[in-house]
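Worksheet for the structure shown next.
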Amino acid sequence: MLGLMQDVPLLVSSLIKHADRHHGDVEIVSRRVEGDIHRTTYRELHARARRLANALEALGVGMSDRVATLAWNGYRHMELYYGVAGKGAVVHTINPRLPAEQIAWITQHADDMLLFFDLTFLPIVEAIAAQCPTVKGWVAMTDAAHMPTAAAIPNLLCYEDLLAAQSERYEWPTFDERLASSMCYTSGTTGNPKGALYSHRSTLLHTFAVALPDALSFGARDAILPVVPMFHVNAWGIPYAAAMVGAKLVFPGPALDGKSLHALIEQEKVTVSAGVPTVWQGLLAHMEQNALRFSTMRRTIVGGAALPPAMLRTFEEKYGVTAIHAWGMTELSPVGTVCAPRPKHDDGAAEEQLRVKAKQGRAVFGVDMKIVDAAGKDLPWDGVAFGDLLVRGPWVVSGYFRGEGGDPLVTDAAGLAWFPTGDVATIDADGYMQITDRSKDVIKSGGEWISSIDIENVALSHPAVAMSACIGVAHPKWDERPLLVVVRKAGTSVTREEILRHYEGRVAKWQIPDDVAFVDAIPMGATGKMLKNRLREQFRDHRLPTA
């Protein structure tokens, strides 16, 4: 017997309709590429999204056509989130930090019909336009007064002119909630990127989940500053969740330096922010150098890479900001786990609380996970056994766009399909998952595994270390041994010996790196992650003292 409930499809357009009707006067603040601060509301944004939908109709965009963006976090980008998906097309956010040739490849692979871009990325568009015959129009996200005069770009259109020519009258269509709403490609550090294609249903379910109290815990009293880019996994779902709960949104635009972020946080009374550790390093360094504090910010969500315990301490002990560790992937829409302490941890010693908070956290409802050994056998949740992390759920990919990479899923003994994350992890008895490494980054030394993340975190606790990366280097006896690559903080002169002494008593003796190499910078990928494959190539011939 079926339940007698209304069958209302879960569609992205329902979020902006809800926001307009129930908290239409709430502000959306954006630092624009043009240099000023722009203010709008959910009601005004909804009206402009409807104008955009009419403009897309006039340009011939149909159901499931792909519409690409090269844009910073801002109100126009958010209008595209709703205007494109709401009419049944697919908003395809492209990471502008990728190499131009990779952006051109992605645009063609996705068969993008239009590409909307912020003026910052005009040089990229000029470089790739001739390589992208599928793109029928290039739309500069600005007004007529700021339009570029780039003759090299065919069919160059003005965003504000497109909207001004259209009516606000538009009825969002109703269609199958399983239709695609948005697309994001993996960073493609090895081989070509692969497209994760999200549905309206998966996006809405993800939105409900991330707003939960023990997830990202968003509410109407929040002013949220997403530093995580809207071109990377939909800014972790924040533009959707904020519209659902009625939170104020503060978009930083292209100004992601510590000084600009702190000024915006204070000016707009931001209560919660979200971003990768490399961004917070710049913010915390600026605050320390200028003896600054936070007056309203109480929480920051850190993901994209492991949250170093030293950074966690700084946020919480020095600035009174709760640092929330989260984990996810492009293939998970992206949130999989969030580290929210349980009541049983409240009375624990400070060090024990810190140890829990340093983990990636417990699975958000909707995501199931487990760890398995090399033979696919389930491993115990004891916080000690570590294995390959597998996940499944309604916002986890079942495959990649156009079948790139083949079938990524593995089937267990019960016949259930799981997505292999490529992470090596432990899970404790309370369900807290901790990434010990990427499977490709773990260091295999004499039959034992060494977590590069653990080694990096110890280095980052040294006051003279700005950044660190640990890689495996060939060793004649042990197969691999750890090499620590360090960027010194400005004005310091810490030595190799001082760094290695810092490990004594903090890790097992056999896990201490065999050598330290000092560099000016560590190569970073398009999503703010360290490119260890480049470091391994750079230090391929490095001879360890113990070799």
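Here our numbering is used: position 401 in the sequence shown is 383, and no number is missing along the way.
Just so it is clear, CB atoms sit at the ideal spot from N, CA and C, and this is done for glycine as well.
Every value quoted in this text rests on a predicted model; they were computed, and no experiment measured them.
Check	Outcome
Residue 185: first and last residue of the uninterrupted alpha helix (DSSP H) it sits in	182 to 192
Backbone secondary structure at residue 514 - three-state DSSP	helix
Collapsed DSSP secondary structure at residue 345 in the structure displayed	strand
Residue 96 vs residue 52 beta-carbon contact at 8 Å	no
Beta-carbon proximity list for residue 399, same chain, < 6 Å, skipping 5 on both sides	391 and 393
DSSP-derived helix/strand/coil call for residue 167	strand
Beta-bridge pairing of residue 484 - partner residues as DSSP gives them	Looking at the DSSP assignment, residue 484 forms no beta bridge with any residue, so it has no partner.
For residue 406, the nearest candidate out of 413, 386, 414 and 433 (CA to CA)	433
Any 3 or more C-beta pairs closer than 8 Å across the segment 105 to 114 and the segment 244 to 260	no
C-beta atoms of residue 152 and residue 121 nearer than 8 Å	no
At least three beta-carbon pairs within less than 8 Å, the segment 278 to 287 to the segment 254 to 268	yes
Residue -17 beta carbon near the ligand ZN (any heavy atom closer than 7 Å)	For the structure depicted, the ligand ZN is absent and the ligand set is empty, with no information on it obtainable.
Boundaries of the beta strand (DSSP E) in which residue 402 is found, first to last residue	399 to 409
Cβ-based burial, residue 495 [other Cβ within 10 Å; buried from 16]	buried
8 Å Cβ cutoff met for residue 404 and residue 420	yes
The segment 72 to 80 contacting the segment 206 to 222, beta-carbon criterion three pairs below 8 Å	yes
Those runs of the alpha helix (DSSP H) which lie wholly inside the segment 272 to 351 and span at least 4 residues	291 to 295 and 332 to 339
Simplified DSSP assignment, three categories, for residue 386	coil
The segment -11 to 7 contacting the segment 183 to 191, beta-carbon criterion three pairs below 8 Å	yes
Whole runs of the alpha helix (DSSP H) within the segment 55 to 134, excluding any shorter than 4 residues	57 to 68, 82 to 92 and 104 to 110
The alpha helix (DSSP H) enclosing residue 144, as first and last residue numbers	141 to 146
Reduced DSSP secondary structure (H/G/I, E/B, other) of residue 556	Because the chain is modelled from -17 through 529, residue 556 falls outside the range shown and cannot be assessed.
Exposure of residue -16, with buried meaning 16 or more beta-carbon neighbours within 10 Å	exposed
Inter-stretch contact at 8 Å, needing at least 3 Cβ pairs: the segment 335 to 348 / the segment 305 to 320	yes
Any 3 or more C-beta pairs closer than 8 Å across the segment 19 to 35 and the segment 2 to 11	yes
Sequence-distant residues of its chain with Cβ nearer than 7 Å to residue 29 (five each side left out)	150
First and last residue of the uninterrupted beta strand (DSSP E) at residue 25	Not the beta strand (DSSP E): residue 25 falls in the alpha helix (DSSP H), residues 24 to 40.
Straight-line Cα distance separating residue 47 from residue 27	22 Å
DSSP-derived helix/strand/coil call for residue 249	helix
Nearest to residue 117 (by Cα), restricted to the options 127, 99 and 125	99
Buried or exposed (CB count within 10 angstroms, at least 16 for buried), residue 13	buried
Distance between residue 418 and residue 477 (C-alpha atoms, nearest Å)	27 Å
Distance, residue 359 Cα to residue 238 Cα	44 Å
Environment of residue 460 [buried if 16+ CB atoms lie within 10 Å]	buried
Nearest candidate by alpha-carbon position, reference residue 372, set 402, 516, 271 and 389	402
Three-state secondary structure assigned by DSSP to residue 363	coil
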